[in-house]
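Number of protein chains: 2
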Amino acid sequence: MQLDKFIPALSWLTGYRKSDLKGDVSAGLTVGVMLIPQGMAYAMIAGMPPIYGLYASTVPLILYALLGTSRQLAVGPVAMVSLLTAAGVGAIAGVGTEQYIALVILLALLVGVLQLLLGVFRLGFMVNFLSHPVISGFTSAAAIVIGLSQLKHLLGISLPRGERLHEILAGAWQHVGETNLLTLSIGIGAIVLIQLVKHWRKSFPGSLLAVVGGILLVWGLGLHEHGVKIVGKVPGGLPALGLPSFEWATLQSLLPIAAAIALVSFMESIAVAKAMQSRHRNYKLDANQELIALGAANIGAAFFKGFPITGGFSRTAVNDQAGARTGLAAIISAVLVVVTLLFLTPLFEFLPNAILAAVIMVAVYGLIDHKEAKHLWRSNRSDFSLWVVTFLATLFIGIEQGIGLGVLLSLALVIYRTTKPHVAVLGRVPDSFFYRNVERFSNLEQRPDVLIVRFDAQLYFANVNYFRDSIDELAAQKGDALKVLIINAESINTLDSSGVHALEELIEQYRQRGISAFFVSVKGPVRDAMAKAHLTDKIGGQYFFMSNQQAVDAFDNIRQGNDFTPYILQTNK
Amino acid sequence: MQLDKFIPALSWLTGYRKSDLKGDVSAGLTVGVMLIPQGMAYAMIAGMPPIYGLYASTVPLILYALLGTSRQLAVGPVAMVSLLTAAGVGAIAGVGTEQYIALVILLALLVGVLQLLLGVFRLGFMVNFLSHPVISGFTSAAAIVIGLSQLKHLLGISLPRGERLHEILAGAWQHVGETNLLTLSIGIGAIVLIQLVKHWRKSFPGSLLAVVGGILLVWGLGLHEHGVKIVGKVPGGLPALGLPSFEWATLQSLLPIAAAIALVSFMESIAVAKAMQSRHRNYKLDANQELIALGAANIGAAFFKGFPITGGFSRTAVNDQAGARTGLAAIISAVLVVVTLLFLTPLFEFLPNAILAAVIMVAVYGLIDHKEAKHLWRSNRSDFSLWVVTFLATLFIGIEQGIGLGVLLSLALVIYRTTKPHVAVLGRVPDSFFYRNVERFSNLEQRPDVLIVRFDAQLYFANVNYFRDSIDELAAQKGDALKVLIINAESINTLDSSGVHALEELIEQYRQRGISAFFVSVKGPVRDAMAKAHLTDKIGGQYFFMSNQQAVDAFDNIRQGNDFTPYILQTNK
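One line per chain: the protein sequences are A and B, in this order.
First residue of the first sequence: 1, per this note's numbering; consecutive thereafter.
First residue of the second sequence: 1001, per this note's numbering; consecutive thereafter.
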């Protein structure tokens, strides 16, 4: 029972049904066939030799299958994480050098350890701070950067490193004259082929077809002797188990990028996993266990010469469509990659880089989310601005900076909005006990001696001054006729010590001016805060009401010298 | 009319009443007499020669009197800002060197420009982010640091620079053996004298008495020849007008500390100004004009060899008690300091440093706010933690770091709280139309087929998952009997695009399971967000209700096949 919690795979392994096998095998083989070209292509994005993409597609898949709670999620190399890897490590070491490769492997270890720690300390909720507009703006810009980063392979030219749009474009503009037309034709041909196959039959692995076609073409016609760049000799065999070596200084310099990858990759992975879970509903997802599983998978990658991986959109969708029922499908994919590593690597020698570039460009094109931008423009301007800022910052300032800025800005907006919240004066809907915002509804009844104010935010340090100013201004509009201030607290969700202090001062000063202060619909947590600070006693328990009408009626009773029976409920706590 | 806005002094200057003169003169002289010892003492905290404290007490006062909106606020050198100055500049240059003095003057310019810009761009609201527990914890710790920083003058010993409690105490412990007992006696005598005078008559300037006594004692008995350190020869005359010189690199290194001083000093000043305004109410305070006035005063300080200044607690209180009615009082104080600079500086030669240290220690002792800490411990543990963290960080990590950490932590807590807000299931109060939290009140009525949920926070990207999970869990508890989910949205104050998306998905999935979704008390801004994203149409306008009871009744009508007339109000917008 307990073991189930640590190794969720036991829940499907122990009761494995024969009926699931067909789907698992078919899905596992399909995803495996996709994984081989994609893995090599994404290794190229990460600035690694293509073979490392296959290394990253073995042990990590099996570790996730054992420890993860999703049964359809296909982990492995993905474009976004590979790009972040290149952006982060490329700033420290030259792409393709031995030091670069060692740092990327170390990065995988760091990402894994961070994810493991986040999971163990149950900090999975942090991913919630990535808002939808930020994710969408970031993904769209990252897709453009990833796509354009492959321009050099598509054109067959050399370009200086650069992850910013203007740098990439300026570099390409300078060297476009050196384009190898043969390479370009192969690349464009592959793009057209993959797109056509996709239209014809979605589940057919068009990229594998392009890979096979490209190899045959180059090998048959000897195109590599005419300037078409190829993958070249690929070492065969499985990756050797090895401890990533490191120094504290490099570890420190990798930490920021590792943190960004840990969160972004978890975010991508959990989003896909949730979508799958909601289609099946025969198992439960646990965000923190997911972090632990991804952490273990990345640590596994580091020990077997892999680079940072995560659960990706496209292969997971294919896995699900092809019938994956359990984690066995992922294990079968991994076995297929192992077989490839053992016996098929010589085949990849003649694979042109342009084909891998085509695979990448087709894959990332779908990630440019202009629909969401359009939708936000129409429905929510402030979220639209967030999208645009994140998009532009990712394109022109940098990959990590883009997402960092987006997150900070979205949190700052949340805070800013609560500093000047919506404040409503309530009036009575004729012939009813309902009170609504007088600026929103016509014909509401207001009395000169009664001011009912609703403050639409938690009352806390950053808005106590605004609260006070708003009420003073509204009271001033009423003039001397005002006799009772009714604070409708139904939307004050929390109250901190500054809020308590502000209320205390307000009530005191209004009482001195002969104006009573009543409270309506005060929430439990706010009642608690008031009671603890002895504010309830100062206001008087009898001045708390269940509804606006009750408060108005009680005020009339008091004015006429009548008693009124406060409607006090018995509370549990 | 327009000129009034830029030079608020015109509003009292043009209609100056003779009846105000007596109070203004009396207050101006009293504060001036306080200002002379305090100015010199606070210059010492800032690491400047005492005479600079008098320089900072001339032109800035007059500029504030002309441009400020408060009529009682007494600006000039204050302890906290002087300490921040020493902490910031001391890290760049050796205290007492010419470079140090030049940097402090430049800092005043930078603080002034920042405040001016904040005021012009109407960013005065930023001060709201300093919550009460953070201010109180910071002030208390800063008071302790300021007081202990004077230990060397009180003991007559030399100590290495240090603004952290453990550094100061370790230094003092090492050198305590070198204490000059004569100096110590003078200092303790002054403390006792000031305290006694305060008990006897609060408005009497005890510190001036101590200064005069100290000068006479040292001069008469020649104590400076027995190791009592004195202020020494003081250059007479007014400060020369001079342009602060600077390089861009030093400007950059001073920027963080200037930003901290600009905000902290504005916060201190506006808090006192508000307290005064609420006592008088015959003028209006304008936070942004206050920033402009303080900015001008600091720029003025920089041009006349002053250091950063602001409106302070103690002298403002004295100014008010002594009868200040307009800014004329401040101008009279400044004139008194000018007269002192012109004719009385030779008197200060024999003033012992220990007397100034005593003045400071008495002044800051009152700022240690243990009462607030006790109050928060009882009424609000989370605000208490903020107080403690800010207090300890200011003591042991550093002055600026302390307040910075406090602000960040308080904002992080605000955000964190909204990610896992209070969620209530509502039940009916028997024999009424009121619905309340079933966990808080006893005997509420619940129906197996109806789930009424109230989510107590704005619905936005960081809590959509929690929202979804909470509702799913509550719905699961109801089981198959559940037929309608009523979302009481009275405390959902705003809705972003992630919130819209979450609601859309929720409604869709519950409908598929045969469960209707109704909405109650949706606020105007949230209604707008729903309408713009076409969510209102998808839900159906007839499923929005004014009260829980309406929603329940409508549901019963639908179940029984009856029509129900939705109660739709005519809205203005």
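We put the CB at the ideal spot given by N, CA and C, even for glycine.
For clarity, every value in this text was computed on a predicted model and none was experimentally measured.
Put simply, the backbone Cα of proline 1430 (chain B) is about 46 angstroms away from that of serine 70 (chain A). Not a single C-beta of chain A is nearer than 8 angstroms to the C-beta of arginine 1122 (chain B). Residues of the stretch 21-40 of chain A with a C-beta atom less than 7 angstroms from some C-beta of chain B do not occur.
Among the CB atoms of chain A, none fall inside 8 angstroms of the CB of alanine 1517 (chain B).
Contact annotation: in the stretch 1253-1281 of chain B, no residue has its CB less than 7 angstroms from a CB in chain A. In the DSSP assignment, leucine 1426 (chain B) falls within the beta strand (DSSP E) that extends over 1423-1428. Along the stretch 1486-1499 of chain B, going in chain order, the ones with a CB nearer than 7 angstroms to a CB of chain A are Glu1490, Ser1491, Asn1493, Thr1494, Asp1496, Ser1497 and Ser1498. Going by DSSP, serine 82 (chain A) is part of the alpha helix (DSSP H) stretching over 79-90. In the same chain as asparagine 288 (chain A), and ignoring 5 residues on each side of it, the C-beta atoms closer than 6 angstroms to its own belong to Gly119, Arg122 and Gly124, in chain order. At least 8 angstroms separates the CB of lysine 1284 (chain B) from every CB of chain A. Residues of chain B with a Cβ closer than 9 angstroms to the Cβ of proline 239 (chain A) do not exist, since the nearest Cβ in that chain sits about 37 angstroms away. By the criterion of a C-beta distance shorter than 7 angstroms, phenylalanine 1204 (chain B) is surrounded in its chain by Val1197, once the five residues flanking it on both sides are discounted. DSSP places glycine 76 (chain A) within a strand segment (E or B) once states are collapsed to three. Listed in chain order, the positions of the stretch 1444-1461 of chain B with a beta carbon within less than 7 angstroms of a beta carbon of chain A are Asp1456, Ala1457, Tyr1460 and Phe1461. At a cut-off of 8 angstroms between C-beta atoms, alanine 1529 (chain B) counts as an interface residue with respect to chain A. Residue environment for tryptophan 248 (chain A): exposed (fewer than 16 other C-beta atoms within 10 angstroms of its C-beta).
Taking a Cβ-Cβ threshold of 9 angstroms, the residues of chain A close to threonine 1419 (chain B) are Phe125, Asn128 and Phe129, in chain order. With contacts defined as CB atoms closer than 8 angstroms, tyrosine 100 (chain A) and valine 89 (chain A) qualify as a contacting pair. Closer than 8 angstroms to the CB of histidine 1370 (chain B) there is not a single CB belonging to chain A. The three-state reading of DSSP puts valine 338 (chain A) in helix, counting H, G and I together. Cβ neighbours of leucine 193 (chain A) within its own chain (closer than 6 angstroms, five residues either side excluded): Ala210.
For arginine 1559 (chain B), no beta strand (DSSP E) run applies; the uninterrupted alpha helix (DSSP H) run containing it begins and ends at 1548-1559, by DSSP. Residue pairing of valine 1520 (chain B) in beta bridges, as defined by DSSP: B:Asn1488 and B:Phe1545.
In this structure, the straight-line span from the alpha carbon of aspartate 1020 (chain B) to that of leucine 1013 (chain B) is close to 11 angstroms. Residues of the stretch 538-566 of chain A that bring their beta carbon within less than 8 angstroms of a beta carbon in chain B comprise Met546 and Ser547, in sequence order.
Counting other Cβ atoms within 10 Å of its Cβ, tyrosine 1416 (chain B) stays below 16 and is therefore classed as exposed. At least one CB of chain A lies nearer than 8 angstroms to the CB of phenylalanine 1434 (chain B). The C-beta distance from alanine 489 (chain A) to lysine 523 (chain A) rounds to 7 angstroms, short enough to fall under 8 angstroms.
Think of a sphere of 9 angstroms around the beta carbon of leucine 1503 (chain B): no beta carbon from chain A falls inside it, the nearest being about 13 angstroms out. Interface with chain B (8 angstroms Cβ-Cβ cutoff): alanine 190 (chain A) is excluded. The Cβ atoms of glycine 1327 (chain B) and alanine 1046 (chain B) lie no closer than 8 angstroms to each other. Annotated three-state conformation of leucine 451 (chain A) is strand, per DSSP. The Cβ of leucine 474 (chain A) sits no closer than 8 angstroms to any Cβ of chain B.
Identification of residues in the stretch 324-358 of chain A having a C-beta nearer than 9 angstroms to some C-beta of chain B yields an empty set. Interface flag for serine 1070 (chain B) against chain A is unset, since no Cβ pair is found closer than 8 angstroms. In this structure proline 525 (chain A) is buried. Its beta-carbon is surrounded by 16 or more other beta-carbon atoms within 10 angstroms.
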